[in-house]
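Working notes for the structure below.
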Amino acid sequence: MRDIAIVSSAQLPSVREMGPSDESELVQPVVTKALEAAGLTMDDIGFVCSGSSDYLVGRPFSFVAAIDGLKCWPPIQESHVEMDGAWALYEAWVRLLHGDIDTALVFAFGKGSLGPIPDVMNIQNDPFYVQPLGLDSISSAALQAQALIAAKKATERDFAEVAVRSRRNAMSNPNAQIKGEFDPKAIMKNEPYIASPLRKSYCPPLSDGAVAVVLAAGDKARSLVKRPAFIRGIDHRIEPASLGARDLTVSVSTKLAAEKVGVSTGKVDVAELHAPFAHQEIILREALGLGDDVVVNPSGGAISANPIMAAGLIRFAEAAQRIHDGSASRAVAHATSGACLQHNMVAVLEGE
Amino acid sequence: MTERLSAPYRLHYAYTRSTGPVIGRFLDSLRDRVLEGIRAADGRVLFPPTEYDEQGRATTGEFVQLRPTGTVTSYTWVNEPRPTHPLDRPFAWALIKLDGADTAMVHAVDAGKEKAMKVGMRVRVRWAEKATGTIRDIVCFDPISPIIKTPVDLNYFVRPGEHQSQYLHALAEGRFIGGRCRVTGRVYVPPRGATPESGLPTEDEVIDLPDTGVLTTFTVVRIPFEGQKLTPPYVFGAIVLDGADVPIYHLVSGIPYEQIRMGMRVRAKWKPREEWGTTLENIEYFEPTGEPDAPFDSYAMHL
């Protein structure tokens, strides 16, 4: 199998409200910057794939409008997933395995500022049994958090600690949105429950943001940058959509994907986990078998910046960045999709 | 740079969906207030029913009727419902396993307050008045209380007898009367057909008594109970009217309950005259007169 690596990435700093910028205005800056970092132009790119959801902004075919942010004449090879950009990266990885092209561009964007996001997320629920009830994304996550507490696998204090540590880490990330020193006790004392046991601080912010990642195969990757982040394994698994048919306190799909990519076959230096809600990090750590020695979410994670549909691909960009800069030799990147960690992707990235 | 524009915008798709043989039958049964799960290939009962189980195996086609009761397996409390939520007051989202089902469904529980929710609690379906053949035919679930009402409700006559009748007639005129024991001379309120000291009726001539007296002892009622007319805490006390030797019992109020004390001088607070009848309920409660408390020794013999 070909060695395929992440060679560069770029992000727009996540903000609560980016103002009136359209899709191409989100995409163009990150694509340009990521290509520049790899010393490439659009003409050098063999395949383009993007991840986004039209429902976020309520505009059909907004993903097509995003192509305006690329130079796409002469016509390019392009694809799109109506999912987080991490799944676009997976498609690009598969495409590169074909062997006829050496480079791919992956990008993702999300605008949470234009619509009723918790209600928009209900559209991914079962259309017969759940959607008509109006089960918003915070409420479904809260059912999972409550189950975790009831199973005595975590306490609310643990949720607060995850949020506080993440937002402390975010202080060194120029692209993070919520950052600073927070006090777990003050959070538990002062913030009302949105949906018990979730307080605002255990939930992700609403964010506008975008990310682009450049992939290259084998020696092409080695020729472009000093230290490519080679994808040693990548796998994604999905569970039933019905919340009532799953044990919400564990992530079977993450565990299986981690086994397939061999997370435990070597020391993990750093892990970027796509856990929009604080309690989900606790579930993911267990599923991935990460010990206390692993640095988790040095970027601050999705709880510090959550442009939906980009936040998973951002985990890949952040994990790769630790390889590029030499601070890590082996990193785990994770992305999730669906309600309550229904669908999970795990990858192992390594430097040479 | 020109001003960049912004405007509100509503996205509406008038989608319809075909429901198929399993979901369609389930939703249609809801119109008749019937709950049906389906048997999976491994024998489990899936509720709500699906055509395939989570292993991808076709279900058996055997529908299993379930009772409208179940158990909460997880929940979250929502203090501020969103407009899209099924209830417009604070409620719980819950995973509910119906009795006889092996999988849980998501729905709302109208529990009133978060403290009423716990994992393992029992709930019952509340049906919509007007059926639509959708999951919203279940409005929500209601908690099932482990306590049932078992009232005793019988209709009798009260015939209070001569002495009691005299007393009640006096009350209807806003007066208290007592009767003196023929042997000890002690004054009983109300007058009695027999005093415990003598075994004889009190004297024929009744004694007028004032509506003031001493609170000899009292209790603070703090526990709510079925059929209670007042909201706890409230005070019930023994009052020896001035000139009487035995107490009557009534509510004591007019000051915070923690300031109520033995020996306190009290006076009846009468309801408006037009509400009077032959009943002690003519008095709303006894309230402090503001006079100095009676010394303990002055009422100790009445305790």
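Chains A and B, in that order, are what the protein sequence lines are.
Start counting the first sequence at 1; every next residue gets the next number (this note's numbering).
Start counting the second sequence at 1001; every next residue gets the next number (this note's numbering).
Glycine included, each C-beta is placed from N, C-alpha and C at the ideal position.
For residue i, tell me which candidate among the options has the shortest Cα-Cα distance.
i: B:Glu1173; options: B:Tyr1285, B:Glu1274, B:Thr1002, B:Glu1062; result: B:Glu1274
i: B:Gly1056; options: A:Ser253, A:Glu239, A:Pro29; result: A:Glu239
i: B:Met1264; options: B:Tyr1156, B:Pro1272, B:Ser1298, B:Ala1244; result: B:Ser1298
i: A:Ser53; options: A:Ser140, A:Thr103, A:Gly46, A:Val64; result: A:Val64
i: A:Gln144; options: A:Pro197, A:Ile323, A:Ala335; result: A:Pro197
i: B:Thr1060; options: B:Pro1068, B:Arg1067, B:Thr1050; result: B:Thr1050
i: B:Pro1292; options: B:Gly1213, B:Ala1244, B:Ala1268, B:Lys1271; result: B:Gly1213
i: A:Ser139; options: A:Met345, A:Glu350, A:Ala339; result: A:Ala339
i: A:Ile194; options: A:Ser14, A:Asp136, A:Phe109, A:Gln131; result: A:Asp136
i: B:Asp1088; options: A:Leu133, A:His80, A:Pro127; result: A:Leu133
i: A:Ile303; options: A:Asp247, A:Pro29, A:Arg315; result: A:Arg315
i: A:His279; options: A:Leu243, A:Ala310, A:Leu341; result: A:Leu341
i: B:Asp1110; options: B:Pro1086, B:Ala1101, B:Ala1104; result: B:Pro1086
i: B:Ile1023; options: B:Gly1037, B:Glu1284, B:Asp1032; result: B:Gly1037
i: A:Pro184; options: A:Val164, A:Arg199, A:Phe107, A:Trp93; result: A:Val164
i: A:Asp247; options: A:Ala150, A:Glu82, A:Asn122; result: A:Ala150
i: B:Val1235; options: B:Glu1284, B:Trp1270, B:Thr1195; result: B:Glu1284
i: A:Ala5; options: A:Thr103, A:Lys152, A:Asp22, A:Ser201; result: A:Thr103
i: B:Pro1247; options: B:Val1187, B:Ala1128, B:Thr1069, B:Pro1232; result: B:Val1187
i: B:Pro1090; options: B:Lys1113, B:Gly1100, B:Ala1104; result: B:Lys1113
i: A:Gln131; options: A:Val94, A:Ala241, A:Arg322, A:His236; result: A:Ala241
i: A:Arg157; options: A:Ala245, A:Lys189, A:Pro127, A:Ile231; result: A:Lys189
Between which two residues does the beta strand (DSSP E) carrying residue i extend?
i: A:Thr32; result: Premise fails: A:Thr32 lies in the alpha helix (DSSP H), 23-37, not in any beta strand (DSSP E).
i: B:Trp1077; result: 1069-1078
i: B:Trp1093; result: 1091-1098
i: B:Arg1122; result: 1122-1127
i: B:His1302; result: Unbroken run through B:His1302: none, as it is neither H nor E.
i: B:Phe1141; result: 1138-1143
i: B:Val1252; result: 1248-1252
i: B:Arg1039; result: 1035-1039
i: B:Gln1065; result: 1063-1066
i: A:Ile303; result: Premise fails: A:Ile303 is in no beta strand (DSSP E) and is neither H nor E.
i: A:Arg315; result: That residue, A:Arg315, is in no beta strand (DSSP E); its alpha helix (DSSP H) goes 311-324.
i: A:Gly233; result: 229-238
i: A:Ser8; result: 4-11
i: B:Ile1177; result: 1176-1180
i: A:Ala349; result: Note on residue identity: the sequence assigns Leu, not Ala, to residue 349 of chain A. First-last of the beta strand (DSSP E) with A:Leu349: 343-350.
i: A:His334; result: 330-337
i: B:Val1183; result: Counting along the chain, B:Val1183 falls outside any beta strand (DSSP E), and DSSP gives it neither H nor E.
i: B:Val1109; result: 1105-1109
Following the continuous alpha helix (DSSP H) through residue i, name the residue where it begins and the one where it ends.
i: B:Gly1056; result: Run containing B:Gly1056: none; DSSP gives neither H nor E here.
i: A:Leu40; result: Segment: none, A:Leu40 is in no alpha helix (DSSP H) and carries neither H nor E.
i: B:Gln1166; result: 1161-1172
i: A:Pro118; result: 117-120
i: A:Gln146; result: 137-150
i: B:Val1158; result: Note, B:Val1158: premise wrong, no alpha helix (DSSP H); not H, not E.
i: A:Phe128; result: First-last for A:Phe128: undefined, no H or E at that position.
i: A:Gly218; result: 218-224
i: B:Phe1026; result: 1020-1031
Please report the Cβ distance between residue i and residue j, rounded to the nearest whole angstrom; I am assuming they are in contact, meaning their Cβ atoms lie under 8 angstroms.
i: A:Val7; j: A:Ala221; result: 5 angstroms
i: A:Met42; j: A:Leu70; result: 6 angstroms
i: A:Ala319; j: A:Val332; result: 7 angstroms
i: A:Gly312; j: A:Thr336; result: 7 angstroms
i: A:Leu206; j: A:Ser113; result: 6 angstroms
i: A:Ala210; j: A:Leu26; result: 4 angstroms
i: B:Leu1209; j: B:Gly1243; result: 5 angstroms
i: B:Val1240; j: B:Thr1216; result: 6 angstroms
i: B:Arg1124; j: B:Phe1141; result: 6 angstroms
i: B:His1169; j: B:Thr1278; result: 6 angstroms
i: A:Val262; j: A:Arg330; result: Position check: residue 262 of chain A holds Gly in this sequence, whereas Val was assumed. About 10 angstroms; that fails the 8 angstroms criterion.
i: B:Met1121; j: B:Val1064; result: Not confirmed; about 23 angstroms, so no contact.
i: A:Met309; j: A:Gly110; result: 4 angstroms
Can you list, in chain order, the stretches of the beta strand (DSSP E) that have 3 or more residues and sit fully within the stretch 1265-1293 of chain B?
Within the stretch 1265-1293 of chain B, the complete beta strand (DSSP E) segments of 3 residues or longer fall at 1265-1270, 1283-1288, listed in chain order.
Whole beta strand (DSSP E) runs in the stretch 242-296 of chain A with 3 or more residues, listed along the chain?
For the stretch 242-296 of chain A, whole beta strand (DSSP E) runs of length 3 or above, ordered along the chain, are 270-272.
Any C-beta of chain A within less than 8 angstroms: which residues of the stretch 1101-1116 of chain B qualify?
Listed by position, the residues of the stretch 1101-1116 of chain B near chain A (Cβ gap below 8 angstroms) are Thr1103, Ala1104, Met1105, Val1106, His1107, Ala1108, Glu1114.
Residues of the stretch 1060-1082 of chain B whose Cβ lies closer than 7 angstroms to any Cβ of chain A, in chain order:
Of all residues in the stretch 1060-1082 of chain B, Ser1074, Tyr1075, Thr1076, Trp1077, Val1078, Asn1079, Arg1082 have a Cβ within less than 7 angstroms of some Cβ in chain A.
Contained alpha helix (DSSP H) runs [length at least 4] in the stretch 156-194 of chain A, N- to C-terminal order
Runs of alpha helix (DSSP H) with 4 or more residues, each lying fully within the stretch 156-194 of chain A, are found at 156-169, 184-190, listed in chain order.
Return the residues of the stretch 1249-1272 of chain B that lie within a Cβ-Cβ distance of less than 8 angstroms from chain A, sorted by chain order.
The stretch 1249-1272 of chain B vs chain A, Cβ under 8 angstroms: nothing.
Mind listing, in chain order, the continuous beta strand (DSSP E) runs of no fewer than 3 residues lying wholly within the stretch 36-102 of chain A?
Complete beta strand (DSSP E) runs here, min 3: 47-51, 78-81.
At a Cβ cut of 7 angstroms, what residues of the stretch 1008-1021 of chain B count as close to chain A, listed as they run along the chain?
Answer in chain order: Tyr1009, Leu1011, Arg1017, Thr1019.
Output, in sequence order along the chain, the residues in the stretch 1026-1051 of chain B whose CB is closer than 9 angstroms to any CB in chain A.
Residues passing the 9 angstroms Cβ filter: Phe1026, Leu1027, Leu1046, Phe1047, Pro1048, Thr1050.
Every unbroken beta strand (DSSP E) inside the stretch 1205-1246 of chain B [3 residues or more]:
Fully enclosed beta strand (DSSP E) runs of 3 or longer: 1207-1209, 1212-1221, 1234-1241.
When Cβ atoms are compared, which residues of the stretch 128-142 of chain A fall closer than 8 angstroms to chain B?
If the cut-off is 8 angstroms between Cβ atoms, the stretch 128-142 of chain A has Phe128, Tyr129, Val130, Pro132, Leu133, Gly134, Leu135, Asp136, Ser139, Ser140, Ala142 near chain B.
What residues in the stretch 1150-1163 of chain B have a beta carbon less than 9 angstroms from any beta carbon of chain A?
Cβ contacts with chain A come from no residue of the stretch 1150-1163 of chain B.
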